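In the UniProt record's numbering, the protein residues as written are 1 to 321.
Read the structure below first, then the notes.
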Amino acid sequence: MRAIAGTDQLSVVTLPDPEPGPHEVVIDVVAAGVNRADLLQRKGLYPPPPGAVDTLGLEVSGRIAALGEHVSGWKVGDEVCALLAGGGYAEKVAVPAVQVLPKPTAVDLVSAAALPEVACTVASNVFDAGHLASGELLLIHGGSSGIGTHAIQVAHAIGARVAVTARTAQKLDRCRELGAEVLINYADDDFVDIIRECGGADVILDIMGAKYLEQNVRALNTGGRLVIIGMQGGTKAELSIAALMTKRASVIGTTLRSRPVTGSNSKAEVVATTRRITWPLLDSGEVLPIVDSTFGLADAEAAHARLDSGDAIGKILLTVN
Ligand SMILES: NC(=O)c1ccc[n+]([C@@H]2O[C@H](COP(=O)([O-])OP(=O)(O)OC[C@H]3O[C@@H](n4cnc5c(N)ncnc54)[C@H](OP(=O)(O)O)[C@@H]3O)[C@@H](O)[C@H]2O)c1
């Protein structure tokens, strides 16, 4: 499924089956995750990185159908999920083997499509970049988002305290069920005041960017780490260097899709980190995929409308085969 160039319409197209490159596997797709980036890509605002297919879709689950000649550690028929640079809204996709993860034992194959983007984003940002430790306070903006619902569970599981922002009582209730203890309705309350009353955030996982920059720095604890992964609130803002220095705080920004496949800070490294940190928690059932709703691939328009509505809690999936 692709966006028609110059429009925001989606169309189903017939393409040749992908062949695996020497270091790739081909996956028979069972389900694909829907991401905010897909909405931007279909509007022409988030083009795929050079070399990536322009079919939508940043993550899938399914079964390995073919292996490249240099691939080891996987076999045809293995149930897996994978992080993609694109191409997931399809019956088959070729992906570097280093971006593939085994289906966690406690998770069904369709729901496994809800994991690669959120798990890799949270492991690489909250733990690798943000160094969240047991007993520390993590503030997650958009606690009921796909990313938020996963981050709450993993942080709670490692013994961190979790604060979240969300827009409705229903969303905050769900965050509490998942392990959040400080619930902030950002429409009614100033999150800075509440977080400071709690002693300050050691790590903030931010999706708002410019809009929250000044408030986030005020909410940080001494030595705090602000990790920005989204720019839903804009890209340019003023930062008080004095405030940052006084707190010995740091501001970090990252993306996942534009990382190289292998080497330093690559997708391969992120996937390996995620497998080490998060997969044991998924295998044991301590962390679960949170799926808001599932649509057939032919109903991708409706799935996008659901994400765009802002009403979803957790991930939206497309089933393919
Ligand atoms: N950098 C990376 O590598 C990377 C990777 C994956 C995702 N992301 C980004 O992470 C973000 C979340 O992704 P997702 O797929 O989980 O998105 P999603 O499920 O669509 O969630 C978006 C969230 O934004 C929240 N939000 C909107 N305005 C807010 C505000 N003023 N304060 C606090 N929260 C607000 C919404 O919560 P309410 O309805 O409660 O307002 C909603 O939960 C997106 O911006 C995405 O682009 C970045």
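Backbone N, C-alpha and C fix where the C-beta goes; we use that ideal spot for every residue, glycine too.
Remember, predicted model here, so these are calculated numbers, not experimental data.
Quick test of your reading: residue i and residue j, contact by CB under 8 Å. State the CB separation rounded to the nearest angstrom.
i: L139; j: I204; result: 5 Å
Is the distance from the Cβ of residue i to the Cβ of residue j below 9 Å?
i: V60; j: P116; result: yes
i: T121; j: L213; result: no
i: V164; j: L137; result: no
i: V25; j: D17; result: no
i: N221; j: A201; result: yes
i: Q153; j: V271; result: no
i: E91; j: D188; result: no
i: A123; j: T278; result: yes
i: G146; j: N35; result: yes
i: V291; j: K247; result: no
i: V110; j: A31; result: yes
i: G143; j: A129; result: no
i: M208; j: M231; result: yes
i: A114; j: L317; result: yes
i: H131; j: R225; result: yes
i: Q170; j: F191; result: no
In terms of residues, what are the limits of the alpha helix (DSSP H) holding residue i?
i: S171; result: Checking the sequence, you will find Lys at residue 171 rather than Ser. K171 -> alpha helix (DSSP H) spans A169 to L178.
i: G296; result: No alpha helix (DSSP H) contains G296, which is instead part of the beta strand (DSSP E) from V291 to G296.
i: V217; result: A210 to A219
i: A305; result: A300 to S309
i: D54; result: D54 -> no alpha helix (DSSP H), and no H or E assigned at all.
i: D202; result: Where D202 is concerned, there is no enclosing alpha helix (DSSP H), although the beta strand (DSSP E) it sits in stretches over A201 to D206.
i: E24; result: No alpha helix (DSSP H) holds E24; the beta strand (DSSP E) holding it covers E24 to V34.
i: P280; result: W279 to D283
i: L183; result: No alpha helix (DSSP H) holds L183; the beta strand (DSSP E) holding it covers V182 to N185.
Going by C-alpha distance, which of the options is nearest residue i?
i: L15; options: D292, A94, V251 and R174; result: A94
i: A160; options: L281, G179 and P49; result: G179
i: P280; options: N35, P102, L84 and Y89; result: P102
i: P96; options: V107, L83 and Y89; result: L83
i: T55; options: L67, V98, R63 and Q41; result: Q41
i: G234; options: A210, T273 and I194; result: A210
i: V118; options: P289, H304 and S309; result: P289
i: I158; options: V287, L10 and H23; result: V287
i: K267; options: G73, F295 and L58; result: L58
i: R176; options: I313, E69 and G88; result: I313
i: G62; options: C81, I241, R36 and G230; result: C81
i: V76; options: I241, A65 and S144; result: A65
Which same chain residues, not among the five before or five after residue i, have their C-beta less than 7 Å away from its C-beta?
i: T105; result: D283
i: I194; result: V182 and I184
i: W74; result: V25, I64, L67, A97 and V100
In its own chain, which residues sit with a C-beta less than 8 Å from the C-beta of residue i, not counting the 5 before and 5 after it?
i: H156; result: V162, L178, G179 and A180
i: G310; result: R167
Since residue i is in the beta strand (DSSP E), which residue starts that stretch and which ends it?
i: D193; result: That residue, D193, is in no beta strand (DSSP E); its alpha helix (DSSP H) goes F191 to E197.
i: R161; result: R161 to A166
i: L15; result: Here L15 belongs to no beta strand (DSSP E), and DSSP marks it neither H nor E.
i: T319; result: K315 to T319
i: V80; result: E79 to L83
i: L96; result: Contrary to the premise, residue 96 reads as Pro rather than Leu in this sequence. Counting along the chain, the beta strand (DSSP E) containing P96 begins and ends at K92 to P96.
i: V100; result: V100 to P102
i: H141; result: L137 to H141
i: E59; result: E59 to L67
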